[in-house]
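Heads up, the first sequence is in my numbering, so the first residue is 1 and it goes up one at a time. No residue lacks a Cβ here, since even glycine has one placed at the ideal position from N, Cα and C. Keep in mind the model is a prediction, meaning the values are calculated, not measured. These notes are about the structure you will find just below.
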Amino acid sequence: MRNSEIAAYFNELADLLEIQGANPFRIRAYRNGARTLESTKVELTRMVEEDFDLTELPGIGDDLAEKIVAIVQTGELKQLTELREKVPTGVVDMLRIPGIGPKKVHTFYYELKIDTLEHLKQAAEAGELAKIKGFGKKTEQAIIEGIDSLDLTNLRFYLAEAKTYADEICDDLRKLKSVKQAEVAGSCRRRKETVGDLDLLVTSSDSGEAMDALANHSLVTKVLARGDTKQRVRLTNGIELDLRVVPDESYGAALLYFTGSKEHNIVLRRRAQDRDLKLNEYGLFQGDKLVAGKTEEEVYKTLDLVWVPPELRENWLEFGFEEAGQMPELVELEDIKGDLHMHTTASDGTASIEEMAEAAKKQGLKYIAITDHSKRVTMANGLDGKRLLKHWEEIDRVNEATKGIDILKGIECDILEDGTLDLEDDVLKEGDWVIAVLHYGLKQPRKQIMKRLMTAIQNPYVHMIGHPTGRLILKRPGADIDMDEFLQAAADHGTLVEINAHFSRLDLNEVHAAAAKEKGIPIVINTDAHSPEGFNVRQYGIYQARRAGLTKDDIANTRTWAQMKKLMK
DNA sequence: GCCGTTTTCGGCCCGACTGTTTTCAGTCG
């Protein structure tokens with residue numbers, strides 16, 4: 001069972017208790033506990049197995065610890081089962097309507113006996129709700145529209161998509177006369193894999209101008225709310241964006257506040273309290289006196305901390321780095337010297353070897369490996385041994401004729417469902433760079449998956465395991481891998497591992513990448529480009545590595561090819 | 001329900017916006 005699943009039990013429990021009108025602090029305790037579990041990077045199942053004292057986790061006391069053990073061991077939680085019987089699912093669904101929270105749902109269910117979304121909508125349409133004290137026409141309208149658009153909300157978006165929209169709007173707001181500073185904040189600035197909504201921060205002498213410009217922006221379809229300092233809009237792709245306008249002297253504090261994460265900020269706020277200070281989005285205050293706030297650095301410094309790169313602000317690694325006095329210099333896009341995973345027209349790419357090499361050269365790369373698919377991937381016109389050897393001859397010819405970049409003979413070789421490799425060893429050994437990957441049979445049981453990975457890792461000609469879990473973000477989970485065993489084997493046999501930079505893969509993820517670093521495994525960041533434009537996703541791989549706290553040294557392809565070879569078997 | 005060398009009881013991060021209000025509750029991030 002995944003940690004997020006266990007957290008979901010507590011969140012559901014909190015929802016149900018909230019509708020019932022239970023003690024709000026008790027509810028918050030469950031939510032805090034759930035948040036802790038979601039951000040706990042070690043598997044709880046394992047912690048329970050190993051009898052780890054769960055109350056050492058923040059926000060987990062005797063009661064929640066006991067409940068976690070029960071969930072792990074029995075797959076259910078008695079209290080939750082009981083509550084579910086008392087509150088129908090239709091009532092819980094009402095919480096998903098924007099602007100509707102537990103108090104209103106409580107009224108709907110306990111006073112009006114409404115227990116499905118459908119009935120709620122009918123009641124709103126019939127004007128039944130406006131008869132209750134505290135409710136009016138607007139609330140009814142919000143409910144009708146909210147229920148209609150329920151399927152559209154709660155969506156998450158790829159970082160790549162969200163960031164493109166946010167950057168364009170941010171750049172346009174920066175051009176306004178009254179705008180001094182503008183920055184994208186929130187999970188987008190932290191470079192999370194997916195983004196739920198966007199946060200944009202602006203300092204301006206005239207908040208009206210910025211808000212008007214946003215309201216009239218070509219990417220905005222609707223203004224959802226507007227006040228003096230805050231405006232919420234919906235963009236053409238459905239994502240919602242919050243604009244906040246703050247005074248210039250509060251810029252740093254506001255950027256910190258709106259970048260989050262919530263967990264990171266809570267630590268900062270507690271730290272402020274310990275020093276008899278108060279931290280909010282307007283600054284760090286001693287009583288009413290502003291003591292810091294213009295820049296993020298200033299706020300951190302006043303709290304006796306060094307500045308934390310946004311990618312690390314998850315209350316996971318960063319405060320450990322602070323304590324050790326070693327905030328790492330995270331890897332940057334410019335550090336990358338080579339790209340070792342890409343396709344050409346020989347399989348399912350859209351460009352020739354020459355075109356890929358030219359595009360790579362323009363990006364400042366010194367070497368690339370052409371790694372087309374092997375024959376198992378028939379859909380992509382994968383190569384058999386014979387075609388591959390000819391393809392490699394062609395690569396050698398192009399390499400001879402091309403100046404300024406080295407083109408290596410590579411292959412993305414499938415690890416077949418039965419655990420063998422898609423190509424023979426005496427073919428693989430002729431190449432410069434062999435990637436082994438899982439594409440098929442991802443749903444096999446852990447034991448079988450591990451057997452396949454072990455074969456590949458132990459093969460003397462396999463240099464790297466590509467996109468190890470095979471997950472596709474927002475689409476499908478990856479294979480069930482014992483990550484610890486996998487990484488240990490990779491370390492033992494000198495097989496490198498990949499962070500695949502495509503925004504729908506980002507595989508390894510930050511937790512696995514940090515674990516790989518722990519074991520001293522060099523990580524390779526590759527684009528898996530299928531066209532020259534495909535190189536543009538490299539930044540997302542870099543972000544993922546940064547979120548894992550990785551430096552230039554941890555990434556193999558920040559080295560020259562000659563240096564990199566020394567890391568390989 | 002959690003937490004703590006100020007506390008084992010009495011607190012719990014904090015501010016903005018909306019809608020329904022004549023001073024505030026509910027919701028959200």
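By the neighbour-count criterion, in which 16 or more other beta carbons inside 10 Å mark a residue as buried, Ala380 falls on the buried side. Residue ranges of uninterrupted beta strand (DSSP E) with 3 or more members, entirely inside the stretch 171-230 and ordered along the chain, are 179-185, 197-204, 220-226. Remark: three or more beta-carbon pairs, one from each stretch, lie closer than 8 Å, so the stretch 195-204 and the stretch 154-161 are flagged as touching.
If one requires a minimum length of 4 residues, the alpha helix (DSSP H) runs lying completely within the stretch 309-371 are 318-324, 353-362, in chain order.
Scanning Asp484, Gln488, Phe486, His467 for the CA closest to the CA of Gly478 turns up His467.
Looking from the CA of Thr455, the closest CA among Leu37, Asp426, Thr495, Leu506 belongs to Thr495. By the CB criterion at 8 Å, Val267 and Ala254 fall outside the cutoff.
Between Asp528 and the set Asp482, Ala489, Ala360, Lys569, the nearest pair of CA atoms involves Ala360. For Asn536, there is no enclosing alpha helix (DSSP H), as DSSP marks it with neither H nor E. Annotation for Leu17: the continuous alpha helix (DSSP H) segment containing it runs 3-20. Look at the stretch 366-439 and you find these whole runs of alpha helix (DSSP H), each 4 residues long or longer: 385-401, 425-428.
Within the stretch 16-56, the runs of alpha helix (DSSP H) that reach at least 4 residues and sit entirely inside it are, in chain order, 24-39, 44-49. By the C-beta criterion, the stretch 121-135 is judged not to be in contact with the stretch 167-185, since fewer than 3 inter-stretch pairs fall below 8 Å.
Here the C-alpha atom of Ile239 lies approximately 8 Å from the C-alpha atom of Ala162. In this structure, Asn557 lies near Leu340, with their beta-carbon atoms less than 8 Å apart. The distance from the Cβ of Ile457 to that of Ala501 is about 22 Å, inconsistent with a contact at the 8 Å cut-off. The beta carbon of Glu209 sits closer than 8 Å to the beta carbons of Leu176, Lys177, Ser178, Val179 from its chain, once the five residues preceding and following it are set aside; these are given in chain order. Annotation: the continuous beta strand (DSSP E) that includes Val497 extends over 496-500.
For Tyr282, the three-state secondary structure derived from DSSP is coil.
Contact check for Thr344 against Met356 passes: the beta carbons are separated by less than 8 Å. Between the alpha carbons of Asp62 and Asp335 lies a distance of about 47 Å.
The shortest C-alpha to C-alpha distance from Lys429 to any of Ile411, Tyr440, Gly441 is the one to Ile411.
Buried is the label assigned to Lys409, since at least 16 other Cβ atoms lie within 10 Å of its Cβ.
By the neighbour-count criterion, in which 16 or more other beta carbons inside 10 Å mark a residue as buried, Ser207 falls on the buried side. Counting along the chain, the unbroken alpha helix (DSSP H) around Ile266 starts and ends at 262-274.
Nearest to Gly90 by C-alpha distance, out of Ala401, His106, Gly75, Gln79, is His106. Contact fails between the stretch 435-454 and the stretch 399-406, because fewer than three Cβ pairs, one in each stretch, are under 8 Å apart. Secondary structure of Arg505 (DSSP, three-state): coil.
Per the Cβ contact rule, the stretch 301-308 is not in contact with the stretch 13-31 (fewer than 3 Cβ pairs under 8 Å). For Asp492, the enclosing alpha helix (DSSP H) covers residues 483-493. Assigned with DSSP and collapsed to three states, Val233 falls in strand.
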